[in-house]
Structure formats: structure tokens, C-alpha cells
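Note sheet for the following structure.
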Amino acid sequence: MSPTDQHTRPANRHLPPTDRALLGRLEQAAPGAVAARATDRLSFAHDASHYLLVPQAVVTPRDPEQVAALLRASASQGVGLTFRSGGTSLSGQASNDGVLVDTRRHFRGIEVLDAGARVRVQPGATVRAVNTRLAAYGRKLGPDPASETACTIGGVVANNSSGMACGTELNTYRTLESAVLVLPSGTVIDTGAPDADDRLRSLEPAIHAGLARLRDRVRGNADSLTTIKRLYAIKNTMGYGLNSFVDHSRPVDILTRLVIGSEGTLAFVAEATFHTVPTLAHAATGLLLFPDLTAATGALPQLVETGFATIELLDATSLKVAQRDPQATRELRDLEVQGHTALLVEHQHRSPEALAELIAQSRGVLSDLPLVSSGTLSSETERRAALWHIRKGLYTAVAGARPSGTTALLEDIAVPVDRLLPTCTDLTELFTRHGYDGSVIFGHAKDGNIHFLLNENFDQPELLDRYLAFTEDMVDLVLGQDGTLKAEHGTGRIMAPYLRRQYGAELHDVMRQIKHLIDPEGLLNRGVLITDDDTVHIRHLKSTPTVEEEVDRCVECGYCEPVCPSQDLTTSPRRRIALRREIARARAAGDSDLLTRLEEEYQYDAVDTCAVDGMCRTACPVLIDTGDLTRRLRAEQRRPIEQKVGASAARHWDGTTRAASHALTAARRMPASLPGAITAAGRALLDADTVPAYSRELPRGGMRRRPRPTRAPEAVYFPACISTLFGPADPEASPGVHDAFLALCSRADISVRVPDAIASLCCGTPWKSKGLTDGYNVMRDKVLPVLRQATDEGALPVVVDAASCTEGLARMLAEDGLDIVDAVAFVDRTVLPRLPAARRIPSIVVHPTCSSTQLGLNPALLRVAGAIAETVVQPEDWSCCAFAGDRGLLHPELTASATSSEARAVSRHQASAYASVNRTCELGLTRATGHPYRHLLEVLEAVTRPQGT
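Each residue of the sequence shown is one higher than the last, beginning at 16 in our numbering.
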């Protein structure tokens, strides 16, 4: 019998039952925070790893006290508990079949200390968020993982994160100062407190004494000390951090360091305080092309001595993949890759003068290397971005192009740098021997740390046997080179059975004693890091069924989640896709009850509350926009009569928008409570996804758009119909963006044309976002001929005054050769230089939008804001407001959730003005903050208006 014949994947076949007694105890521990629907359990079963275990419940605690209560509740029921934050870990350490605790939603606090020299962070904050807060002080975290946009501090500590530039000197182990820990017993210890060691001795005497005993055991064994010195000289996240017994003496300090890299098996990290490092703002980058791997690895000692901050290796297969990247350099595109290898190198420094000196010192070294093309270093932003896009795009290219139904596995190892050549050579031979064609090797060469990517189909037993055979051979290879089986990604489930082989019986027993000492019931993260099951790495493997073209490329990495406006209300793009896969599994298994439940719950969670804002695509490594999926699903749900009504509205858009405008104006004249009562009744009679909810901050209706014929215009102005629907925030202070833009153009002596029939035209977004395809096609057929004529067959740009409408029109006419420009970009480039000097106001708070981000408009937005105000504040916690046309009226709870963090950030600033670049976003932020938001160009018009007018 094959060793893999007994592996199981129960989550792929049915939904395991939930223990009602367990749910009751969890609800007592964290009231209102327990979720156990099929949708909750199955969507949270998916993380970035290739394992899938379905939890019995998902709990979202609000504070450490609730976490402690959850630990006691799980222990009383004998059920394991796992902490999940970003869910970006790759080795299976963020999922289980017991209680899954979501520690991201309510643990995002960041407190900068000592002018940025230190920072205190909760586990749900992303590395990107922390570094954004530290940027004002010229500081950042030492660990720099590639997943920094999505991975959170909880995972950074749990996995002892490092990255491209930090090596072992600035990783989590070296830069963490202290932590607030919740132990499995529920005891809370602040390891940074002056009496922390005494408190540990008093509250947990067995742990205190046991750690001291293990410390002496390790220090008294010469072989153990030799092994520790060897393995922790390189990047190593395999097992517990046994170097803590050598580096520290007090039990509380040892405990702190053992928790680092413990993968949630020892304690909950409620708070972590880090020492930060300087931000090196100036950099020079180069791609060094070598004839072969031998030459590239041979150059490493010289390059390391030259002081390069990063040295990234790309093997021959990686280079072939990189050649397909649109941003590939000419030298790379022209290279006929055979056995070539590249090293991507970068110097970094705080000052441009010091950087120039580093570059000068490197020239001699680079000129002596056996390169196949010139090894030049560039400080140009575009070239540097292109080079890093090549390196970071490898995962995208290989994982995104994998066959449908297969799972992408990104693995990492480390060896001493002088063993890198034979390791890479033998690893490539293993790929060939086991049939993993197209697998790439890349990674952090100066640390001897390499990554490799495999694609595998775990639904086929013979391929699972292949994977196991490859793993056994790979383990022999790495350990034979005195390396570690996990350099950055953590032991998880994938390498837990091999822990003893790497460390030997004595140190493996020390690790087992650590686990038993701190978590005697084996409560935390069962099956991870320490296990008695030699097959744990091939159990509960995740299959990836072919579902839909829009989402089949998804590797469930979770990078999309932090930018999704519905993440804290209902679900996220990753979980939407996971649920589509679970729906497909239920349908294939004939489980009609589960299928019905999933489809019913999916409607509100994933369809109704999706803002279709496209922000997920900006973060996705394989460029998936789940909005495309949502729009298609909405279209499939539309009845023929709805399509006809949508098409009719498009044909009579002038009348439709004026009717809506009159309704808003009438509502403003009614008693305050009456419009809300009317719409509430309509929502109750029909449904919340059909009838908008009226709220008092909505303005009166706007004015009808009118043509503006001009003989020699510099541009065609396409005012958005949203200005007809919604009037300006303060009609007395500003007539709205339409009049403001025309006033600015007149002031700058720039002539613009407004096309005929403008009142009946639209960018098409209202129909596209709702799945009303007939109406969208009707509108497109109306818009195109009008704009062709108005632009003199494309000779003039089309300027749109609402960012979402700019994006919508650009997508509608993407194949028609028309230049669609946002009004803010047009003003920044063409109008602003011709305007009189502004009377700058003291400060302005700006809200970028999802569309301005995707259009690349934000730099122009900030430049225009800088012309308006002395101080420009872009809230660190800004995100898509999710108003999404009428979504904020249909589901105001969505906008409330999406804007809550930004509203708190804005409350810290009393500004002279508040602005955005889209009327509905202005409405959403006005509702969230209580401040009147206007279009940025309205504010610019006011500060450049001649005095006395």
C-alpha cells in the first residue's frame, strides 16, 4: 500500500458537524463573536497554504481577556484552537479543525514610541500599515517580508519573519523588544514589564522552573550548542528558537524568544513592541547576468563584501519566465537563455551622497565579474521598478499560468552560502527526475536562502506519491548540505515530520518538552511544528477544482483582503473565491442541503455587499478582479424584465436622471423623518438590494448637463451624470464640480467643448456594476458616436470630472482609440500651470478613491492638493468607501464598515477643507466623518477665484 493511500480530506467531501456545547461555551467567552454558518466555516478553512481543515467555529474576539476566556472554553471541551490573522502563511500553520480565532479585525492598534525608534503593535496590523505610520519618522520595521501588504504582525512574530534585505541581523528575533502574551492557561504576561520575570515565577511557577531547567540542559550539551550555532547562523524557522536558551538567561526572556517562530503553538501575542530601523530612501539597482549558476554563485563573496543590501538569485528557468514580462529589460529580452543565471543587486542608503559613494566603490568589482552584459546600477525610479517587477512577478507568472485544478506550492530552504551552488544544481536535477517541469528557483542569495515553486494536483493519488517522493529526496539534499528545511515560511504541517531529522533526537526532545511545559494539554495549533503523526504533511491536502475563468488562477494568498471594503462586514475576495470552490464541491458531491445553504448565504455575503471596486486586482499577484465575477453573477440573476427596464433607462437617461434629481430635491423639502420612513417601507416591502435608503446628509438634486459648442477646443469635457443626480455639498459656497471645472479652464484661458446630447450620456458604470448588460450595451452605442464626433475622431482628449466615471468610460471605450483623462489629471498637467497663484488655505484632508488608485491618479491628486493648502493630509487608514454608486444607499452598513478606520483617522485632524474626486465618495465620507467633503477642483476654484467675485 502506498504511504499516501490513507490520506484524508474530509473538508472536500462534506461539512463536519459542529458541537453545540462547544458553541455555547465559546459564546459565553466572546458574546456575539462566534460564527458557525457553513459559509463562515468553509471560507475560513482556506488560507495561503495547500492544506484545508474546516473549523467547528470562527471566533472574532475584541480583547486579550476574551482570548483568555476562549482558551479556557476550548480547553474545557478538549478542542484545539488556532489563531489566524492575515492567513498568508504557506506551511499550514493557520488552519485547524477545532476553533479558529480571527485576530485581525479587532487587533490593529499601532502606537509609535520614542519618535519612531520603537513601535507597539497589535497582531492584526499589517506590516505595510506599521511602516506607513513609521514613514513620517524615517523608520520602518526590520523584517521586510514580500507579503508585507497583507501579512500581519501576529504572523511576523509567529513565523520569525525576515525578508529580502534584513537577513538574520534585523529579523523578528533580533528586533522584537517585548510582547504581551496570553498563555494557554489564560495567564497574561507583559514581558516588557520590570517585574515580568517575577510575575512569570509567581503565576506560572512550572513554566518558569521548566525553562530554567531546559536552559541548563541545552547549555550543558556540547553537541547541542554546536548544532544550534550551525543552524542559527543561517535563516532558520524550523522548530522552536532554541538559540533563545543560549542568548538569554532569564526565563521570561527565553519565553519571549521561544514564542517568536512558535507558529501559534505556545501563546497568543496580544501586543508586540519592536525596535525599528532607519528607512533607506535612496537606492540603486542592477540585474547582473551570468553565463551559468557557477559564475553567479562564485561572485557572491565579492558582492556581499561590496555591501549590497539585497542580492536576489534567478535561475535559468526564472529568466525564461521573466523574459515574458512586459517590463523586462532589453538586455534580458535579447538574451538566448541556456544555463544563464542572474543576480538582482541593490545598494540602499539614507543619503544620495552616500549612495553615490557605494555605487562608485562597486564599479571595479562589477567590471571584473564574468557578466554577459554590462552590470550597471540605476537609481532611476522606472528602471528600478521594472527590475523588481521582474523578480516579484515570478510567482505571478508561474502560479497564474498553472494548469486549472492544480495547486501552487512555494517552498523555501537555506544552506550555507558556500553550499548554494551544489544545492541549486541538485535541486534542478530533482525537478527533472520527478517531472516538475517549469519549476523555478529564486531567492535571497546572500543568505543562502532560495525559494522554489511547484504545481501539483493533489486529487490524483499517483501525483501525491510523486510529491512525497520529491519531498523525501529534497530533505536528504538540504540536510546533506547542513541546511535547514525552512528558512522563512515556518515548519507548519509541511515539515513537522522532519523536525527530528534536522535537529537530532536530543534537541527534538527539548522542543517536545517546551511544548508540553507551556501547553500541557496540546491545545494550541495541533498538528503544527510538534506532531506524533508522520503523515501530517500529506493529510488534509487542498484540492483546487476548476470553477470559473475569473477565479481559477487564485492561489488563495490573501493579498487582496486588506484592501477589500467588505472584509470586516461580510467576506473578502479570497473567501468569495473559496466559497465558489466549496459550492462546486458540494454540487459535485450531490450534497443538496449544503449547496442550498452556501448559495443562500453567498448572496448577501458575496454578491450584495461586493463594491465591485476593483481594489482586489491592485493587490492580487495574479491580477484577479473578483468584481468581474460579481458582475457576471448579478447579470445571470437578472430577469428579462429587469434587463428591459435597464435598457429603457439607458435610452431615456436624460429623463431618468432628472426624475431622480427632482426626487432628491423634493425629499430635502419634506419633514426630516418622512423620506427615510418612505424608503424604509419600500425596502421592507421589496428588498434592501432594490430600494435605496434615504439619509438626511444626502444633498438636493443637481442640474441638467448642457452642451457647450466651441470651435477650437483643447479638450472635450464629459461632465458626469452624477452631478445631475446629486447637487453640490454647499450650493452657496460652490456650485459643484461642473461649474468649478469650467471656471478653472476659463481662468486659465483653456477652451473645452461639451458634446451634444450630453444629458443623455453616461459612462455605463450603473449598468455594468449591476449586471444589466442590455442597458450597458445601449449606452455604449449612444456614447461612442457622440464622442467620436466631439473629439474630431479622437484628436482631442475626453475629460471626465468623477474618477469612477473616468474609469468606467475608459473601460467602455478601451478598444476605440479615444483618450479618456480624469479632470484632476488634466488640471494638474494643463490648467494648473496657467492659473493665478492660489490663496492657500492652512490644511486639507484628501480621500483618494478606488478609481483614482487604479487610474494612477493619486500623485496628481496630491499635487493639486498641494497647490491648494499648506498642509495636505492623506489619512494613513484610507480605503475604498464602498459607496460604489448606489451600494452605499442600498447597503449603508457596507459603507459604515469600510470607512470606520478612516473616519477615526480623520477625527484627529481639524482641517480647513475636506476633498475627494468623486461625488458619491464625497457623500460616503461626509456621512462617515461628519465633515462636508467636496470635489478637489471645487476647492481649487475657490482658492484661485479673483477676490471680490
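Built from N, CA and C at the ideal position, the CB exists for glycine as well.
The alpha-carbon of Gln-652 is positioned some 17 Å away from that of Arg-902. Under the three-state reduction of DSSP output, Ala-299 falls in the strand class.
For Thr-202, the closest of Thr-438, Leu-85 and Ile-693 by C-alpha to C-alpha distance is Leu-85. About 6 Å separates the Cβ atoms of Ser-393 and Ala-299, confirming a contact at the 8 Å cut-off. Taken through DSSP and simplified to helix, strand or coil, Tyr-709 comes out as coil. Assignment of alpha helix (DSSP H) within the region 178 to 261, counting only whole runs of 4 or more residues, yields 187 to 190, 211 to 218, 220 to 234 and 237 to 246 in chain order. Proximity to Val-490 across Ala-285, Arg-719, Cys-936 and Ala-429 peaks at Ala-429, based on C-alpha coordinates. Of the other Cβ atoms in all chains shown, fewer than 16 fall within 10 Å of the Cβ of Ile-656; this residue is therefore exposed. Spatial neighbours of His-946 in its own chain (CB-CB distance under 6 Å, excluding positions within 5 residues in sequence) are listed in chain order as Tyr-929. For His-364, the uninterrupted beta strand (DSSP E) segment begins and ends at 356 to 364. DSSP, reduced to helix, strand and coil, places Asp-159 within a strand of the structure shown. CA-CA distance, Asp-480 to Pro-70, rounds to 27 Å.
For Arg-348, the enclosing alpha helix (DSSP H) begins and ends at 345 to 349. At the C-beta level, Gly-717 and Phe-741 come within 8 Å of one another. Annotated as proximal: Ser-749 and Glu-953, with beta-carbon spacing under 8 Å. CA-to-CA, the gap between Gly-495 and Arg-119 works out to about 40 Å.
Comparing alpha-carbon positions, the option among Ala-774, Val-73, Ser-419 and Ala-165 lying closest to Glu-576 turns out to be Ala-165. When the Cα atoms are used, Pro-138 and Thr-167 turn out to be separated by approximately 6 Å. For Tyr-948, the uninterrupted beta strand (DSSP E) run begins and ends at 948 to 950, by DSSP. Where Ile-856 is concerned, the enclosing beta strand (DSSP E) starts and stops at 856 to 861. Look at the beta carbons and you see the region 95 to 107 touching the region 566 to 576: at least three pairs across the two are nearer than 8 Å. Distance from the CA atom of Leu-877 to the CA atom of His-290, rounded to whole angstroms, is 31 Å. Across the set His-65, Val-233, Arg-591 and Asp-764, the C-alpha of Val-233 shows the shortest separation from the C-alpha of Tyr-518. In the DSSP annotation of this structure, the continuous segment of the alpha helix (DSSP H) that includes Gly-670 starts and ends at 668 to 684. About 14 Å separates the CB atoms of Ala-884 and Ser-931; that is not less than 8 Å, and the two are not in contact. Residue range 464 to 471 is occupied by the beta strand (DSSP E) that includes Glu-471, with no alpha helix (DSSP H) assigned at that position. Ala-282 is positioned such that its CB atom lies closer than 8 Å to that of Val-197. Counted as a single uninterrupted DSSP element, the alpha helix (DSSP H) harbouring Thr-780 occupies residues 780 to 785.
Nearest to Glu-320 by alpha-carbon distance, out of Ser-867, Ser-377 and Asp-441, is Ser-377. CA-to-CA, the gap between Val-660 and Ser-581 works out to about 29 Å.
As the crow flies, the alpha-carbon of Ile-773 is around 12 Å from that of His-667. Per DSSP, Tyr-410 has no beta-bridge partner at all. Within the region 809 to 892, the beta strand (DSSP E) runs of at least 3 residues that lie entirely inside it are, in chain order, 813 to 815, 835 to 837, 856 to 861 and 884 to 888. The beta carbon of Val-195 sits closer than 6 Å to those of Asp-205, Ala-285 and Glu-286, all from its chain and outside the five residues before and after it, given in chain order. Excluding five sequence positions before and after Ala-664, the CB atoms of its chain that fall closer than 7 Å to its own CB belong to Thr-671 and Gly-790, given in chain order. In this structure, Leu-951 lies away from Val-814, with their beta-carbon atoms at least 8 Å apart.
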